[in-house]
């Protein structure tokens, strides 16, 4: 009989590689399965401009500022029995009004099932503060910029410029408000009242939700009357915000995680489950960068209630779709 062929060194090498890989995969799966049953802290990131879907990455992934993704993450955290508490990291100057409101309500639903702690980054202003106000407790670094509770609506008027360069416009419309906010002319008195009423309505909703969200943390001390004195659109540092009862403690992400572990009754060093990615790969696949400190200084609550309202009034015949910034 023909003697069996001996395995070459390369064959032995590749067999070793394949078997080693399978072993590592098996061990990793076992470790992951064991870890998934341990009590953990959920970590959800809200960064960049807030919108319905968020900025799209190279492969179509939404950013950490997207309301849809955020609501999916809060629902997963609520349903996961191993998640004993959640930390929401907010680093945003604001964004869409409706998206901010939806995210606030998502926090409220999650908060009804388990503790929710907020950790503010560089900026948590306007819509960013709106979301934070829904949490059980808010941590802000002393240098964090937050607040900016207010609404602004701005309408450019290029009429004089158009006349100088010889541009004209003919508007045919179905109703007197259909071209409200047309940049080729000033707003009429009726249009100003229309948009002022919209701004006032959004402003009232914002303030009411802040008072509702902060009631338990402040023991009811942040009343509607006190908030009215703070809700001028101004930005507060984290230290000033604590004195004003807009936040509860000065501290960072570590402090927020420790508080979440305490409320979730997790002993020892808490395990963390991140629901949203970041870093370079996060940016590539859709994560949005922070709006930055200047975003909070140069924007107030309303990306432009004006731009959103005009867009909606011009494209539809019904109501506007304002935004927070």
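In our numbering, the protein residues as written are -13 to 311. Where is the CB? At the ideal position from N, CA and C, for every residue including glycine. Computed from a predicted model, the values in this text were never measured in an experiment.
Asked, Found
"Sub-8 Å separation of residue 56 and residue 27 beta-carbons", "no"
"Touch test, the stretch 73 to 81 against the stretch 104 to 112, Cβ-Cβ under 8 Å, three pairs minimum", "yes"
"Residue 207 at chain D interface by Cβ criterion, 8 Å", "Here chain D cannot be found, since the structure has a single protein chain."
"Alpha-carbon spacing of residue 48 relative to residue 224, whole angstroms", "Residue placement at residue 48 cannot be trusted, given a pLDDT of 47 that sits under 50; the coordinates are not used to answer."
"Status (buried if at least 16 other CB within 10 Å, exposed otherwise) for residue 240", "exposed"
"Bounding residues of the beta strand (DSSP E) (the contiguous stretch that carries residue 125)", "123 to 126"
"Own chain partners of residue 120 with C-beta closer than 6 Å, once the 5 adjacent residues on each side are dropped", "90, 93, 94 and 199"
"Distance CB(residue 242)-CB(residue 115) smaller than 8 Å", "no"
"Identified DSSP bridge partners for residue 36", "81"
"For residue 228 and residue 236, believed in contact at Cβ under 8 Å, the rounded distance", "6 Å"
"Residue 90 in three-state terms, based on DSSP", "helix"
"Rounded distance between the beta-carbons of residue 113 and residue 36, thought under 8 Å", "5 Å"
"Residue 197 versus residue 221 - alpha carbon distance", "18 Å"
"Cβ neighbours of residue 157 in the same chain (closer than 6 Å, five flanking residues each side left out)", "165"
"Contacting residues, own chain, Cβ-Cβ under 8 Å from residue 171 (five flanking each side not counted)", "143 and 145"
"Residue 70 in three-state terms, based on DSSP", "strand"
"Assigned secondary structure, residue 63 (DSSP; H/G/I helix, E/B strand, else coil)", "helix"
"Runs of beta strand (DSSP E) wholly within the stretch 113 to 166 (minimum 3 residues, chain order)", "123 to 126 and 131 to 133"
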